[in-house]
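K.L.:
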Amino acid sequence: MKQKKISHYKTRDYQAFLYIMPWILGFLILQLYPFMASLVYSFSDYNIGAKAEFVGLKNYSKLFTGDNEFWNCLKVTFVYTLYTVPGKLVMALAVAVFLNRDIKGINLIRTFYYIPSLFGGSVAIAILWKLMFLDNGVINAVLNTLHLPTVQFLGDTRYALKTICALEIWQFGSSMVMFLAALKQVPRSLYEAAEIDGASKAKRFFRITIPQITPIIFFNMIMQMIQALQNFTSAFVITEGGPLKSTYVLGMKLYKEGFSYFKMGYASAISWVVFTVILGITLIIFGTSKFWVFYGDEGDF
Amino acid sequence: MKKRLLAATMAAVLTAGLCAGCSSGSSAGNSAKTATTQAQAEGTSAAGNTGQAAATGDEEITLRFSWWGGDERNAATLEVIEQFEQLHPNVKIEAEYGGNDGYHDKLATQLASGTAPDIVQVDPEIFPTYVYTGDYFIDYKDYEMDLSNFEESYISLPINGGYDGKQLGLPSGISGAGILVNKDLADAIGLDFTKKYDWNELIEMGKKVREYDKDLYLLCANKEYIANLVVFNYGKQLIGAPFFDSDTGKMNITEDQLKQVFDYVQLLYDEEVVAPASYQASYSNDNLQSDANWMDGKYVAAFTYVSTIDVMVAANPEPNYYLSQLPLLAGSTESGWASNTPQVFAVTKTSAHQEMAVEFMNYFFNDETAVATLGCTRSVPPTEMARKICTEKGVLSQYTMEGADIAATMGGTPNDKISSSQESKAILFDSVETIGYKASTADKVAADAINLLSGLEK
Chain A
30 MKQKKISHYK TRDYQAFLYI MPWILGFLIL QLYPFMASLV YSFSDYNIGA KAEFVGLKNY
90 SKLFTGDNEF WNCLKVTFVY TLYTVPGKLV MALAVAVFLN RDIKGINLIR TFYYIPSLFG
150 GSVAIAILWK LMFLDNGVIN AVLNTLHLPT VQFLGDTRYA LKTICALEIW QFGSSMVMFL
210 AALKQVPRSL YEAAEIDGAS KAKRFFRITI PQITPIIFFN MIMQMIQALQ NFTSAFVITE
270 GGPLKSTYVL GMKLYKEGFS YFKMGYASAI SWVVFTVILG ITLIIFGTSK FWVFYGDEGD
330 F
Chain B
14 MKKRLLAATM AAVLTAGLCA GCSSGSSAGN SAKTATTQAQ AEGTSAAGNT GQAAATGDEE
74 ITLRFSWWGG DERNAATLEV IEQFEQLHPN VKIEAEYGGN DGYHDKLATQ LASGTAPDIV
134 QVDPEIFPTY VYTGDYFIDY KDYEMDLSNF EESYISLPIN GGYDGKQLGL PSGISGAGIL
194 VNKDLADAIG LDFTKKYDWN ELIEMGKKVR EYDKDLYLLC ANKEYIANLV VFNYGKQLIG
254 APFFDSDTGK MNITEDQLKQ VFDYVQLLYD EEVVAPASYQ ASYSNDNLQS DANWMDGKYV
314 AAFTYVSTID VMVAANPEPN YYLSQLPLLA GSTESGWASN TPQVFAVTKT SAHQEMAVEF
374 MNYFFNDETA VATLGCTRSV PPTEMARKIC TEKGVLSQYT MEGADIAATM GGTPNDKISS
434 SQESKAILFD SVETIGYKAS TADKVAADAI NLLSGLEK
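The listed protein sequences correspond, in order, to chains A and B.
Residues 30 to 330, numbered by the working numbering, are exactly what the first sequence covers, in order.
Residues 14 to 471, numbered by the working numbering, are exactly what the second sequence covers, in order.
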């Protein structure tokens with residue numbers, strides 16, 4: 030349908046801005062200003078309490094060439110993302126498939142599985158996780174009861190990162206709810222047709238279910254990836270970045286540089302690198318989406 | 014037509030809501046005003062009754078006071094706040110307290126953004142970083158603060174709040190470092206911490222403990238304690254000066270000297286004087302009292318500060334204890350540690366009520382009731398008057414007194430402002446951890462640390 034072109038606005042039309050002014054002000058003051066300020070600070074030597082001095086690209090060049098810790102942080106952050114995003118998606122999908130059935134008390138079971146997500150990235154839950162995985166924590170107590178040796182989940186470089194990844198994966202509820210909704214949208218007729226043709230359960234899952242819910246897989250993947258690359262709480266509270274920086278994610282380096290060492294300029298540069306990495310990966314995933322994401326409406330909205 | 018009618022109805026509802034909102038807002042404003050007036054009136058009458066608040070006016074004042082601490086300290090501080098509020102009904106003090114983790118990170122941001130509380134408790138080793146990066150704190154000497162109970166020689170030290178003749182902070186107590194010895198276990202193994210001993214003897218004692226029982230270790234420690242009490246002390250005893258020159262900001266310690274220090278740290282782990290680094294990782298920072306081995310009595314001794322002795326004892330109260338000095342490097346005249354305060358209290362310049370904040374500090378440090386209430390919740394009190402009251406009331410524990418006496422005998426050089434910065438400490442914490450995990454050699458760790466520390470030179 031051809032839309033009628035609006036040639037000019039009347040004064041009355043501008044009243045709309047008045048109505049959305051609270052949002053506009055919030056956006057300008059609380060989002061755009063800090064966003065742009067951090068970009069400006071990233072080009073300056075700005076210590077908390079001192080005056081910012083413009084230093085050009087010095088922060089970025091130091092980050093890429095003079096700070097070995099940065100490359101380790103980048104590696105740790107990528108490994109964390111590679112563990113948690115697929116882990117969370119598989120876990121969420123598996124539980125969603127399990128819960129996508131009509132049995133007695135299913136709503137209660139669904140709520141039960143969603144509870145971990147309500148806690149979000151809270152400090153309290155991270156402390157609880159730490160207590161559980163201590164050498165004398167409940168997990169090791171269970172292992173010892175089974176006559177298995179104590180595992181130093183927090184002190185061993187081989188397990189520390191996996192322990193905090195487990196916390197992230199455990200909070201799969203929000204992805205699960207979306208998968209559950211998507212699974213309910215898959216037409217039953219497709220399964221019935223496949224069943225008549227003799228397709229196995231596995232084949233039905235991989236040939237019907239997965240292609241039908243790819244838009245939700247895509248959405249969850251993007252959201253979880255952004256969340257994983259920005260991780261901070263669990264690394265900070267549970268392992269404090271250790272042992273031997275094996276859980277020192279970029280979010281934590283950013284915090285340490287900015288708030289512990291007062292180098293706000295340098296921390297701003299790190300935040301822009303994190304932003305660029307997230308943007309880059311998001312664009313790549315978007316670019317590949319046309320090969321594996323199928324929209325029932327051909328992508329038109 | 015229907016749409017128009019609906020729109021008109023909605024508009025009417027919205028307008029009515031808006032008007033109601035305005036009117037309730039103004040009435041709320043009026044009632045708030047009334048409440049304030051009432052409170053002011055009550056404040057005036059109460060002031061008249063007590064005769065104390067009159068001097069500070071009837072203006073409604075809200076102060077914010079932040080500190081970190083355990084339950085006992087929090088309860089005592091809150092009680093003192095309540096006492097002060099009763100004496101000054103027009104003053105409300107909002108307490109902002111919690112754990113030590115992240116406290117100074119938050120405080121740094123608050124100071125920079127001008128939103129810091131009126132009165133702040135600060136770690137004396139971090140205080141210089143704030144003092145030299147901004148003009149954040151008032152000079153107590155410019156206000157009516159009674160400093161007569163403090164010893165001038167003590168409070169004039171930078172570590173205790175005295176900077177270039179200004180009193181920017183006031184010490185909360187007298188503290189220092191030492192070793193808390195499980196007497197029963199030490200006697201059973203035949204270890205004597207009461208005499209002076211050097212670092213090598215400490216290693217020998219550690220070996221003896223392992224020979225006695227493979228489940229026991231000599232020292233309860235973690236990377237932070239090893240960096241603070243071994244690396245700094247051994248290093249300062251070795252070079253006879255702090256790691257950085259306080260005036261020039263240049264490094265005093267060389268790579269060879271730091272390597273020597275790290276060789277010793279390596280020995281601590283190799284000879285199993287301390288528990289493995291992977292075990293210590295779960296009990297980092299100030300969490301030694303949570304160490305399961307300490308609670309089970311599997312350490313002969315623990316590194317400690319005077320302010321944490323009682324907490325450590327409470328975590329395993331069964332055995333008898335005594336306090337011992339830290340080791341000395343054979344032939345060194347520098348002990349590496351000086352008796353100092355565990356915290357300083359400062360009043361921020363952004364405070365809208367600096368006089369009242371100082372008035373509260375006056376009460377906090379100089380009022381007999383307040384001093385008796387606070388007891389030794391922040392280590393041994395900083396004033397003679399407070400110590401006398403606490404001794405008379407028996408609130409100073411025997412171990413804390415012993416610890417303070419031990420600390421008082423250590424007249425070493427405190428850390429310089431660069432060494433005590435969080436960044437410099439983080440470099441040394443990482444170095445100790447790397448050695449503990451045997452992820453690199455002491456040579457390489459020393460070279461890397463020197464490289465990073467040189468970046469902090471002024």
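For glycine and all other residues, C-beta sits at the position ideal for the given N, C-alpha and C.
Report the start-end ranges of each alpha helix (DSSP H) in the region 65 to 147 of chain B that is 4 residues or longer and not cut off at the edges.
P.N.:
84 to 100, 116 to 126, 140 to 146
K.L.:
Could you tell me which whole alpha helix (DSSP H) segments of length 4 or greater appear in the region 90 to 154 of chain A?
P.N.:
Here the runs fully enclosed are 97 to 128, 135 to 147.
K.L.:
With a floor of 4 residues, list each alpha helix (DSSP H) that falls wholly inside the region 380 to 426 of chain B, ordered by position along the chain.
P.N.:
With a minimum length of 4 residues, the continuous alpha helix (DSSP H) runs that stay inside the region 380 to 426 of chain B are 381 to 387, 397 to 406, 411 to 421.
K.L.:
So that I know if they touch, is there some Cβ in chain B lying closer than 8 Å to that of S289 of chain A?
P.N.:
Taking the first sequence and counting its residues from 1, the one referred to as residue 289 of chain A is at position 260. True, the Cβ-Cβ gap to chain B drops below 8 Å.
K.L.:
Please classify H117 of chain B: is it buried, with 16 or more other beta-carbons within 10 angstroms of its beta-carbon, or exposed?
P.N.:
Here residue 117 of chain B refers to the residue found at position 104 when the second sequence is read from its first residue. H117 of chain B comes out buried.
K.L.:
Does any C-beta atom of chain A lie closer than 8 Å to the C-beta of E446 of chain B?
P.N.:
The sequence position of residue 446 of chain B within the second sequence is 433, counting from 1. At least one chain A Cβ lies under 8 Å of E446 of chain B.
K.L.:
Within 10 Å of its beta-carbon, does G42 of chain B have 16 or more other beta-carbons around it, so buried, or fewer, so exposed?
P.N.:
For the purposes of this step, residue 42 of chain B is identified with residue 29 of the second sequence, where counting begins at 1. With a pLDDT of only 37 at G42 of chain B, under the threshold of 50, the placement of this residue in the model should not be trusted; the figure read from the coordinates follows. Exposed.
K.L.:
Taking CB distances under 8 Å as the criterion, tell me whether V452 of chain B reaches chain A.
P.N.:
Along the second sequence, read from residue 1 onward, the residue named residue 452 of chain B stands at position 439. A quick correction: the sequence has Ala, not Val, at residue 452 of chain B. Yes, its Cβ sits closer than 8 Å to a Cβ of chain A.
K.L.:
At what residue ranges does the region 229 to 298 of chain A contain a whole run of the alpha helix (DSSP H), taking only runs of 4 or more?
P.N.:
230 to 233, 243 to 258, 279 to 284
K.L.:
DSSP has P184 of chain B in a bridge; who is on the other side?
P.N.:
Counted from its first residue, the second sequence places residue 184 of chain B at position 171. The partner list for P184 of chain B (beta bridge, DSSP) reads B:V357.
K.L.:
Within 8 Å of any Cβ in chain B, is that where the Cβ of D185 of chain A sits?
P.N.:
In the first sequence, residue 185 of chain A corresponds to position 156, counting from 1. Taking Cβ atoms only, chain B reaches closer than 8 Å to D185 of chain A, which makes this a yes.
K.L.:
Got a sec: is the Cβ-Cβ distance from F330 of chain A to anything in chain B below 8 Å?
P.N.:
The residue given as residue 330 of chain A occupies position 301 in the first sequence. Confidence at F330 of chain A is low in this model, with a pLDDT of 46, below 50, so its placement is unreliable and the value that follows should be read with caution. F330 of chain A does not count as touching chain B.
K.L.:
Go ahead and label V393 of chain B buried or exposed: buried means 16 or more other beta carbons lie within 10 angstroms of its beta carbon, across all protein chains shown.
P.N.:
Stepping through the second sequence from its first residue, residue 393 of chain B is reached at position 380. The residue in question, V393 of chain B, is buried, as its Cβ has 16 or more Cβ neighbours within 10 Å.
K.L.:
Take Y238 of chain B as the anchor and find which of B:F206, B:D443, B:V384 has the nearest alpha-carbon.
P.N.:
For the purposes of this step, residue 238 of chain B is taken as residue 225 along the second sequence, with counting starting at 1. For Y238 of chain B, the nearest C-alpha among the options comes from B:D443.
K.L.:
What residues in the region 138 to 166 of chain A bring their beta carbon closer than 7 Å to a beta carbon of chain B?
P.N.:
L163, D164, N165
K.L.:
Can you check whether the CB of G325 of chain A is closer than 8 Å to the CB of D74 of chain A?
P.N.:
Here residue 74 of chain A refers to the residue found at position 45 when the first sequence is read from its first residue. Here residue 325 of chain A refers to the residue found at position 296 when the first sequence is read from its first residue. No. Outside cutoff.
K.L.:
Any heavy atom of the ligand NAP within a distance shorter than 7 Å of the CB on V322 of chain A?
P.N.:
The ligand NAP is not among the ligands present in this structure, which contains no ligands whatsoever.
K.L.:
Between the region 162 to 182 of chain B and the region 196 to 205 of chain B, are three or more C-beta pairs nearer than 8 Å?
P.N.:
no
K.L.:
Could you check where the beta strand (DSSP E) with L232 of chain B kicks off and where it finishes?
P.N.:
Here residue 232 of chain B refers to the residue found at position 219 when the second sequence is read from its first residue. Its beta strand (DSSP E) spans residues 230 to 233.
K.L.:
At which residues does the beta strand (DSSP E) containing G191 of chain B begin and terminate?
P.N.:
For the purposes of this step, residue 191 of chain B is identified with residue 178 of the second sequence, where counting begins at 1. Looking at the DSSP string, the run of the beta strand (DSSP E) that includes G191 of chain B is 190 to 195.
K.L.:
Measuring straight from C-alpha to C-alpha, what distance separates T454 of chain B and A460 of chain B?
P.N.:
Taking the second sequence and counting its residues from 1, the one referred to as residue 454 of chain B is at position 441. Taking the second sequence and counting its residues from 1, the one referred to as residue 460 of chain B is at position 447. Approximately 10 Å between the Cα atoms of the pair.
K.L.:
For the beta strand (DSSP E) holding F64 of chain A, just list the boundary residues, first then last.
P.N.:
Here residue 64 of chain A refers to the residue found at position 35 of the first sequence. Note, F64 of chain A: premise wrong, no beta strand (DSSP E); alpha helix (DSSP H) at 62 to 70.
K.L.:
List the residues of chain A whose Cβ lies closer than 7 Å to the Cβ of S291 of chain B, in chain order.
P.N.:
As a working mapping, residue 291 of chain B is identified with position 278 in the second sequence. Those are Q181, G184, D185, P272, listed as they occur along chain A.
K.L.:
State buried or exposed for G134 of chain A, treating a residue as buried only when at least 16 other CB atoms are found within 10 Å of its CB.
P.N.:
Position 105 of the first sequence, counted from the first residue, corresponds to residue 134 of chain A. Taking all protein chains in view, the Cβ of G134 of chain A is surrounded by fewer than 16 other Cβ atoms within 10 Å, so the residue is classified as exposed.
K.L.:
What number of angstroms, rounded off, separates the C-alpha of L283 of chain A from the C-alpha of S434 of chain B?
P.N.:
Here residue 283 of chain A is taken as the residue at index 254 of the first sequence, counted from 1. Here residue 434 of chain B is taken as the residue at index 421 of the second sequence, counted from 1. One C-alpha to the other measures close to 18 Å.
K.L.:
With a threshold of 8 Å between beta-carbons, can E436 of chain B be considered close to chain A, or not?
P.N.:
The residue you call residue 436 of chain B lines up with position 423 of the second sequence. For E436 of chain B, the answer is yes, since a Cβ of chain A falls inside 8 Å of its Cβ.
K.L.:
Hey, is G78 of chain A's beta-carbon within less than 8 Å of any beta-carbon in chain B?
P.N.:
Residue 78 of chain A sits at position 49 when you count from the first residue of the first sequence. By this cut-off, G78 of chain A is an interface position.
K.L.:
Please tell me whether D299 of chain B has its Cβ less than 8 Å away from any Cβ of chain A.
P.N.:
Position 286 of the second sequence, counting from 1, holds the residue named residue 299 of chain B. Cβ-Cβ to chain A under 8 Å: no for D299 of chain B.
K.L.:
If I follow the unbroken beta strand (DSSP E) through T192 of chain A, where does it start and stop?
P.N.:
On the first sequence, residue 192 of chain A is found 163 positions in, with the first residue counted as 1. Looking at the DSSP string, T192 of chain A is not in any beta strand (DSSP E); the run it does join, the alpha helix (DSSP H), is 189 to 199.
K.L.:
Indicate whether F150 of chain B and T354 of chain B have their beta-carbon atoms separated by less than 8 Å.
P.N.:
Here the question's residue 150 of chain B lines up with position 137 in the second sequence. Here the question's residue 354 of chain B lines up with position 341 in the second sequence. Cβ atoms of F150 of chain B and T354 of chain B: not closer than 8 Å.
K.L.:
State the DSSP-derived secondary structure class of K471 of chain B, mapped to helix, strand or coil.
P.N.:
Locating residue 471 of chain B in the second sequence gives position 458, counting from the first residue. In the structure shown, K471 of chain B sits in coil (DSSP, three-state: anything other than H, G, I, E or B).
K.L.:
Does the beta carbon of E82 of chain A come closer than 8 Å to any beta carbon on chain B?
P.N.:
To locate residue 82 of chain A, count along the first sequence from 1; it is residue 53. Chain B contact via Cβ: absent.
K.L.:
I'd like the list of long-range same chain contacts for K406 of chain B, defined as Cβ closer than 8 Å, with 5 residues on each side in sequence excluded.
P.N.:
In the second sequence, residue 406 of chain B corresponds to position 393, counting from 1. Counting only Cβ-Cβ distances below 8 Å, and skipping sequence neighbours, we find A385, G388.
K.L.:
What are the residues of the region 242 to 274 of chain A that lie near chain B, defined by any Cβ-Cβ distance shorter than 7 Å?
P.N.:
E269, G271, P272, L273
K.L.:
Please state whether DSSP places N375 of chain B in a helix, a strand or coil.
P.N.:
Here residue 375 of chain B is taken as the residue at index 362 of the second sequence, counted from 1. Per DSSP, reduced to three states, the secondary structure at N375 of chain B is helical.
K.L.:
So, at 6 Å on beta carbons, what are the nonlocal neighbours of N298 of chain B in its own chain, with the 5 sequence-adjacent residues on each side left out?
P.N.:
Start at 1 with the first residue of the second sequence, and residue 298 of chain B comes out as number 285. Cβ-Cβ distances below 6 Å link N298 of chain B to E237 in the same chain, with the five nearest sequence neighbours on each side left out; the list follows chain order.
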